[in-house]
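Contents: one structure, followed by commentary.
Protein chains in written order, with the working numbering: chain A, 18 to 131; chain B, 4 to 112.
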């Protein structure tokens with residue numbers, strides 16, 4: 018099993034550009050989530066999904082969109098990138114119990130917005 | 004939010020010594036998890052302790068949970084240079100699982 022995969026590993030954007038961060042898991046997990054990690058801030062939850070077709074907002078959802086059309090994929094869209102979105106983004110998945118279960122993290126995407 | 008708060012923020016020890024990190028949280032929980040993050044990598048799950056458990060062991064790791072004080076501790080015994088990483092606690096309930104800012108552990112050879 019590949020576990021949780023994320024692409025790209027690195028990305029540089031200009032202010033106002035849009036892009037999609039990809040996340041996929043092959044563990045048949047129902048729960049998937051996106052976090053951003055900034056220095057001194059720890060991990061902050063952006064959006065999460067408890068199953069295909071169901072998404073919900075986390076701690077810092079503004080400026081990001083998600084969708085969950087399949088169990089395997091959970092892409093994160095930046096609609097109009099801003100320098101404040103420069104961060105490391107992590108995708109995670111867990112079994113059906115979601116928040117209270119062991120989270121499996123991807124390797125992260127390092128995003129810089131100029 | 005039941006965000007965990009780790010203490011200390013940073014810890015430096017010599018190989019062979021024990022390392023203790025603490026976590027406090029604010030609301031009721033179903034369980035509490037500890038994760039490790041090596042520099043530039045994703046988080047890796049270490050151990051999960053349920054709200055009805057007081058202590059749990061996994062190899063060189065020992066976790067305690069005191070729900071009356073809303074606190075947990077992670078003890079790493081006989082530390083190694085490879086234990087150098089950031090450690091995060093994550094209190095969880097059916098609502099959300101939110102991480103704190105972590106403890107940065109440096110183990111010197």
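Every residue gets a Cβ at the ideal spot worked out from N, C-alpha and C, and that includes glycine.
Quick caveat: nothing in here was measured; it's all calculated off a predicted structure.
Check, Outcome
"Helix, strand or coil at residue 101 of chain A [DSSP, three-state]", "helix"
"Closest residue to residue 86 of chain A among A:48, A:24, A:36, A:129 (Cα-Cα distance)", "A:48"
"Beta-carbon proximity check, residue 108 of chain B vs residue 88 of chain B, cutoff 8 Å", "yes"
"Rounded separation between residue 4 of chain B and residue 125 of chain A - CA only", "Caution is warranted here: a pLDDT of 46 is assigned to residue 4 of chain B, below 50, making its placement in the model unreliable, and the coordinate value is therefore given only provisionally. Computed Cα separation, rounded: 24 Å."
"Cross-strand partners of residue 94 of chain B (DSSP beta bridge)", "B:35"
"Assigned secondary structure, residue 118 of chain A (DSSP; H/G/I helix, E/B strand, else coil)", "coil"
"Beta-carbon spacing of residue 30 of chain A, residue 130 of chain A below 8 Å", "yes"
"Under the three-state DSSP convention, the category residue 86 of chain B falls into", "helix"
"Cβ-Cβ distance between residue 49 of chain B and residue 122 of chain A below 8 Å", "no"
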